[in-house]
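Every position in the sequence shown, counted from 1, becomes a number in the working numbering once 16 is added. C-beta atoms are modelled at their ideal positions from N, C-alpha and C, and glycine is treated no differently.
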Amino acid sequence: MNGLLLVLPLIFLAVLLLVLLALPYRLILSGVRDAGRTDLRISLMLWGMKFLSKRFKSEIKEETMVEAKPRPLREVLLLGLKARWCIMDLIGALLSSITIRRARISVSVGLGEASDTAIITGYLWAISALTSSLRNIEINAAPDFFSGDVNGNFELELSLRPLKPVLVFIMLLLKRPFREFVLGLREFS
Numbered sequence: 017m018n019g020l021l022l023v024l025p026l027i028f029l030a031v032l033l034l035v036l037l038a039l040p041y042r043l044i045l046s047g048v049r050d051a052g053r054t055d056l057r058i059s060l061m062l063w064g065m066k067f068l069s070k071r072f073k074s075e076i077k078e079e080t081m082v083e084a085k086p087r088p089l090r091e092v093l094l095l096g097l098k099a100r101w102c103i104m105d106l107i108g109a110l111l112s113s114i115t116i117r118r119a120r121i122s123v124s125v126g127l128g129e130a131s132d133t134a135i136i137t138g139y140l141w142a143i144s145a146l147t148s149s150l151r152n153i154e155i156n157a158a159p160d161f162f163s164g165d166v167n168g169n170f171e172l173e174l175s176l177r178p179l180k181p182v183l184v185f186i187m188l189l190l191k192r193p194f195r196e197f198v199l200g201l202r203e204f205s
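Shown next, in the form of structure tokens:
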């Protein structure tokens with residue numbers, strides 16, 4: 017009887033975890049660039065309720081470059097080459113679990129030179145024409161011949177089902193090359 021009392025909560029937690037991983041989550045990424053200031057917001061929603069939201073604001077400060085150590089980087093790259101088929105399986109599982117619900121980009125292009133502005137705006141209009149038949153993707157571009165700055169905003173809404181990528185990740189941890197690659201990544205954290 018005591019064994020059943022110990023196992024029953026573990027079974028309940030395992031079933032609860034599987035249900036939470038099988039549910040579709042909505043991930044919303046939105047950003048604004050205006051006059052040299054860039055803001056990014058990430059929100060995670062479940063059943064229309066926002067339960068995680070993080071905002072990143074740009075601050076103008078002196079950039080300091082941290083040099084990567086070449087030896088650990090080379091070792092991780094070699095481990096990544098050995099585990100490339102595992103990494104490709106994980107990327108495939110992740111991409112198959114993501115659905116684009118809506119993508120909206122609005123850009124005001126000003127590059128200082130009128131010809132450069134016209135060329136880049138033309139490229140953006142060509143991309144906009146290619147995606148015009150897709151009703152969940154919207155791209156707007158406007159030239160600004162008097163400005164030397166690129167301003168705009170974007171919003172990307174994704175639907176994500178994390179069960180398959182988590183299961184593939186756990187199964188790949190059983191493979192030695194992938195496990196060594198994951199352990200090698202710890203040197204960069």
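Distances from the alpha-carbon of residue 117 to those of 201, 41 and 200 put 41 closest.
Only residues of its own chain outside the window of five on either side were considered, and among them 176, 177, 178, 180 and 181 have a CB closer than 7 Å to the CB of residue 113, listed in chain order. Just measuring C-alpha positions, the residue of 161, 111, 174 and 201 sitting nearest residue 184 is 111. Just so you know, the alpha carbons of residue 60 and residue 109 end up roughly 20 Å apart.
As summarised for the segment 88 to 126, the continuous beta strand (DSSP E) elements at least 3 residues long and confined to that stretch are 114 to 125, given in chain order. Taking C-beta atoms as the reference points, residue 72 and residue 56 count as a pair closer than 8 Å. The Cβ neighbour count for residue 88, taken over all protein chains shown within 10 Å, is under 16; the residue is labelled exposed.
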